[in-house]
Amino acid sequence: MQADFSVELGRDDPALELPWSSDGPSIRYYDLKANPELIAQIPEAAAYPPLAAFLARINGPEFPLATAKCDAWFSNDIFPEEEIFRADRKFVSYIDLVFVDEDVRQSFEKHEAFAKELCRLLSHAPDLAATVELVIRRCYFHNSHCEMNPAEVAANSRNAVNAFDTSTAPHALDAPNASTNGFNLTVYITGFGNGDREPVCQWEIALALLQHAMVQWSASRIIRY
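Numbering-wise (the numbering used here), the sequence shown opens with residue 1420 and increments by one.
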């Protein structure tokens, strides 16, 4: 399995807002750390039990991270660098991760250290047709006293559908008192194979390995608060 991380912090790069909002009533933000039972309301989690299990574990009360958004889909677009897997299909998911601790949320160095350590741990994973890619991005954490109404948040949140349709949060940039600037990690988990079942099987294994690495990292307290 391949694992790597990158950094996307340019003004025109995708960014996350938290909480985020959407024009579509069926697409909404759930605080799963505070309300884990709402995992059942997420269509992707209902369709793919391994994703639901991952969300439940990472949003556990003792875990130092939380999830903000996710999606999962099939694709026939095999990029040149993915041809080594000799597959005609892939199953892709992404999960936006945020730290619970506010100081860590604002530390690029701790996000980078976390990403590097996860890649190191995953480098020991068995060989399989899957990849894990972590991307460090900006996140604008809206304060509870923020005066933006839901329509304003929705207008500034083009990231409600998938990771390729995200907002650069111009409102947050122009109104520093309305939000706190920080970082988040978007993790992409991709399984490759032929047909419908094989890519999902590879994805399930990769997701389980990612969860194991994150739990191992948490237990070793590599990042201290």
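Where is the CB? At the ideal position from N, CA and C, for every residue including glycine.
Just so you know, these numbers come straight off a predicted model, no measurement behind them.
Check, Outcome
"Residue 1535, DSSP secondary structure in three states", "helix"
"Which residues DSSP lists as bridging residue 1558, in chain order", "1435 and 1601"
"Nearest neighbour of residue 1606, chosen from 1490, 1500, 1482 and 1506 [CA to CA]", "1490"
"Residue from 1624, 1610, 1492 and 1524 whose Cα sits closest to the Cα of residue 1556", "1524"
"Inter-residue CB distance, residue 1549 and residue 1621 (contact presumed, cutoff 8 Å)", "5 Å"
"C-beta contact flag for residue 1424 and residue 1532 at 8 Å", "no"
"Validate contact between the segment 1462 to 1475 and the segment 1430 to 1440 using beta carbons, cut 8 Å, 3 pairs", "no"
"Residue 1421 in three-state terms, based on DSSP", "strand"
"Three-way DSSP call (helix, strand, coil) for residue 1445 in this model", "coil"
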